Amino acid sequence: MNRLIYEECGVFGAWMETPTAVPLTLFGLIALQHRGQESAGFACVQVDSISHKRGMGLVDDAFRGLDLDAYASHGAIGHVRYSTSGGSINANIQPLVFSGRLGPIALAHNGNLVNAAVIRNQLEQQGSIFQTTTDSEVIAHLLARSTTSDLDGALVSALGQVRGAYALVMLTPERLLAVRDPYGVRPLVLGKADRGWVVASETCALDTVGAVFEREVEPGEMISISDQGVESMPLFPARQSAFCIFEYIYFARPDSEFAGRNVHRVRRAMGRKLAEEAPCDADIVTGVPDSSLSAAAGYAEASGLPYETGLIRNRYLGRTFIRPNPEQRDQGVALKLNPIRGVVENKRVVLVDDSIVRGTTSKRIVKMLRNAGAKEVHVRIASPPVRHGCGLGIDTRDELIAQRMSPEEIGKHIAADSIAFLSSKSTVAATGLPRKSMCMGCFDGSHPVKGEEF
Ligand code: SF4
Numbered sequence: 060m061n062r063l064i065y066e067e068c069g070v071f072g073a074w075m076e077t078p079t080a081v082p083l084t085l086f087g088l089i090a091l092q093h094r095g096q097e098s099a100g101f102a103c104v105q106v107d108s109i110s111h112k113r114g115m116g117l118v119d120d121a122f123r124g125l126d127l128d129a130y131a132s133h134g135a136i137g138h139v140r141y142s143t144s145g146g147s148i149n150a151n152i153q154p155l156v157f158s159g160r161l162g163p164i165a166l167a168h169n170g171n172l173v174n175a176a177v178i179r180n181q182l183e184q185q186g187s188i189f190q191t192t193t194d195s196e197v198i199a200h201l202l203a204r205s206t207t208s209d210l211d212g213a214l215v216s217a218l219g220q221v222r223g224a225y226a227l228v229m230l231t232p233e234r235l236l237a238v239r240d241p242y243g244v245r246p247l248v249l250g251k252a253d254r255g256w257v258v259a260s261e262t263c264a265l266d267t268v269g270a271v272f273e274r275e276v277e278p279g280e281m282i283s284i285s286d287q288g289v290e291s292m293p294l295f296p297a298r299q300s301a302f303c304i305f306e307y308i309y310f311a312r313p314d315s316e317f318a319g320r321n322v323h324r325v326r327r328a329m330g331r332k333l334a335e336e337a338p339c340d341a342d343i344v345t346g347v348p349d350s351s352l353s354a355a356a357g358y359a360e361a362s363g364l365p366y367e368t369g370l371i372r373n374r375y376l377g378r379t380f381i382r383p384n385p386e387q388r389d390q391g392v393a394l395k396l397n398p399i400r401g402v403v404e405n406k407r408v409v410l411v412d413d414s415i416v417r418g419t420t421s422k423r424i425v426k427m428l429r430n431a432g433a434k435e436v437h438v439r440i441a442s443p444p445v446r447h448g449c450g451l452g453i454d455t456r457d458e459l460i461a462q463r464m465s466p467e468e469i470g471k472h473i474a475a476d477s478i479a480f481l482s483s484k485s486t487v488a489a490t491g492l493p494r495k496s497m498c499m500g501c502f503d504g505s506h507p508v509k510g511e512e513f
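Written as structure tokens, this is what we have:
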């Protein structure tokens with residue numbers, strides 16, 4: 060549960076026989092809320108044009124009081140956002156909606172383009188005027204400037220110029236499009252709904268809207284959904300897949316599945332392997348809620364130690380909650396987490412977390428457990444040390460503690476009695492997928508796309 064790595068977006072789209080695409084999209088976005096809590100937006104087809112509505116905060120806040128009858132539509136896309144590229148301003152809320160030679164288009168993007176700044180600079184020098192500070196708008200400009208006569212050709216031309224990670228959903232009055240970059244860094248799945256089709260960042264959103272998982276959008280593939288049905292078009296030859304392993308470790312919801320692997324089960328396997336690699340003489344195992352609970356359960360299972368709920372998370376704090384100033388940081392963590400004294404008092408505690416980025420939150424949690432009477436706190440991290448930044452859609456702009464400290468030094472810094480990280484080999488083994496099919500750039504620097512951010 061290290062909220063210092065931020066996921067930056069979730070996308071959803073629906074193409075229905077009935078005018079129900081907007082409520083379906085809003086439900087889908089609520090299911091994807093963990094991927095971005097800063098702003099939300101949707102766009103929908105209305106006759107030959109595209110309407111949109113966007114707002115700051117959680118989906119529920121952004122669209123409170125919305126008159127759904129005014130947005131009756133058979134086609135819609137939506138987006139939840141945490142900004143990694145561009146600031147937290149209204150103009151940056153997606154979907155972006157633009158109109159030109161190719162007609163009205165709405166676009167929602169999860170991922171980061173590593174050469175967006177260079178392209179933007181070139182386009183501005185040639186007279187383009189940008190409305191937002193997001194890298195996603197570069198795609199809109201490249202589409203508008205393409206000289207090909209149809210959208211499919213324009214997409215090949217525009218996306219052929221960008222480098223990085225993108226899971227895109229796009230909407231025109233005639234079609235819903237879903238596109239994934241040639242490495243498939245960010246997830247994108249297709250589902251069959253009752254009388255329609257949906258696409259989403261994660262399968263948990265399909266479950267929420269009652270859709271059945273059909274398949275993942277393949278790396279380099281575009282899926283086009285219209286009243287005529289579903290069509291697959293390879294836009295680019297797929298490269299060696301580089302799916303972000305952090306989706307399994309932390310970002311995705313435990314009830315989602317990628318490559319047929321349930322996220323909870325993968326995390327649990329990571330916890331089991333962690334117990335085998337780094338056993339501990341202790342009384343109880345507890346996890347940092349919510350993303351570390353599956354790994355903690357796995358650690359308890361393999362170690363034979365009892366699993367206990369030692370920390371409680373306040374579920375009612377949104378990302379836009381007042382940020383504490385530096386002197387109030389301890390209270391900031393205390394607002395989010397509180398130990399159960401009766402569980403940890405006089406106990407030797409194994410504290411399982413999914414990752415450590417800056418180390419400041421871990422330090423506060425260790426202190427919190429000691430203040431609640433824990434005799435010893437042994438930290439076990441269910442992934443390797445994060446030593447590199449990520450320019451593919453994850454915000455690791457905070458200082459990475461593992462860049463300047465060894466694991467032992469990190470343990471001392473956060474005042475843990477002991478610390479251990481899961482090895483890369485076991486992290487991969489827990490997914491059951493080949494190492495070469497995943498990006499592990501933030502652990503070992505092996506990003507599939509290099510850019511100025513790395
Ligand atoms: S560098 Fe890390 S966080 Fe970024 S895409 Fe690769 S595995 Fe995911």
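At position 431 of the sequence shown the residue is numbered 490 (my numbering), and the sequence of numbers has no breaks.
All residues carry an ideal CB built from backbone N, CA and C; glycine is no exception.
As the structure is a computational prediction, the values presented were derived from the model and not from experiment.
Contact between the stretch 219 to 231 and the stretch 158 to 168 is present, with at least three C-beta pairs closer than 8 angstroms.
Straight through space, the alpha carbons of L451 and L172 are spaced by roughly 7 angstroms. Inclusion of C303 in the 7 angstroms shell around the ligand SF4 follows from its C-beta lying nearer than that to a non-hydrogen atom of the ligand.
Burial of K406 is indicated by the presence of at least 16 other C-beta atoms within 10 angstroms of its C-beta. Under the DSSP assignment, K484 falls in the alpha helix (DSSP H) whose first and last residues are 483 to 490. A residue is called buried once 16 or more other Cβ atoms fall within 10 Å of its Cβ, and P278 is buried on that count.
Counting the other CB atoms within 10 Å of its CB gives E335 a total below 16, which places it among the exposed residues. For P293, the secondary structure class from DSSP, reduced to helix, strand or coil, is strand. Exposed is the label assigned to Q184, since fewer than 16 other Cβ atoms lie within 10 Å of its Cβ.
Considering only S485, A203, L294, H133, the residue with the shortest C-alpha distance to G255 is H133. Taking the C-beta atoms as reference points, G243 is found no nearer than 8 angstroms to V271.
Between G87 and D349, the alpha-carbon positions lie close to 20 angstroms from each other.
If you draw a straight line from the Cα of L117 to the Cα of G100, it comes to about 10 angstroms. Every alpha helix (DSSP H) of 4 residues or more that sits fully in the stretch 304 to 391 is shown, in chain order, as 322 to 336, 352 to 362. With respect to M499, S483 sits close: the two C-beta atoms are nearer than 8 angstroms.
Straight through space, the alpha carbons of A328 and K112 are spaced by roughly 41 angstroms. Annotation: the continuous alpha helix (DSSP H) that includes K471 extends over 466 to 472.
Spatial neighbours of A213 in its own chain (CB-CB distance under 7 angstroms, excluding positions within 5 residues in sequence) are listed in chain order as L161, L202, S205, T207.
Counted as a single uninterrupted DSSP element, the stretch harbouring S108 is not any alpha helix (DSSP H) but the beta strand (DSSP E) occupying residues 108 to 115. Relative to the non-hydrogen atoms of the ligand SF4, the Cβ of H506 comes within a distance shorter than 7 angstroms of at least one. Around I152, the same chain offers S98, G100, R113 as residues with beta carbons nearer than 6 angstroms, after the five sequence neighbours per side are excluded. Within the stretch 176 to 233, the complete alpha helix (DSSP H) segments at least 4 residues long are 195 to 204, 210 to 220, listed from N- to C-terminus.
DSSP places M427 in the helix class (H, G or I) of the three-state scheme.
For H93, the secondary structure class from DSSP, reduced to helix, strand or coil, is helix. For S414, the number of other beta carbons within 10 angstroms of its own is at least 16, and it is reported as buried. Judged by DSSP in its simplified three-state form, C501 adopts helix.
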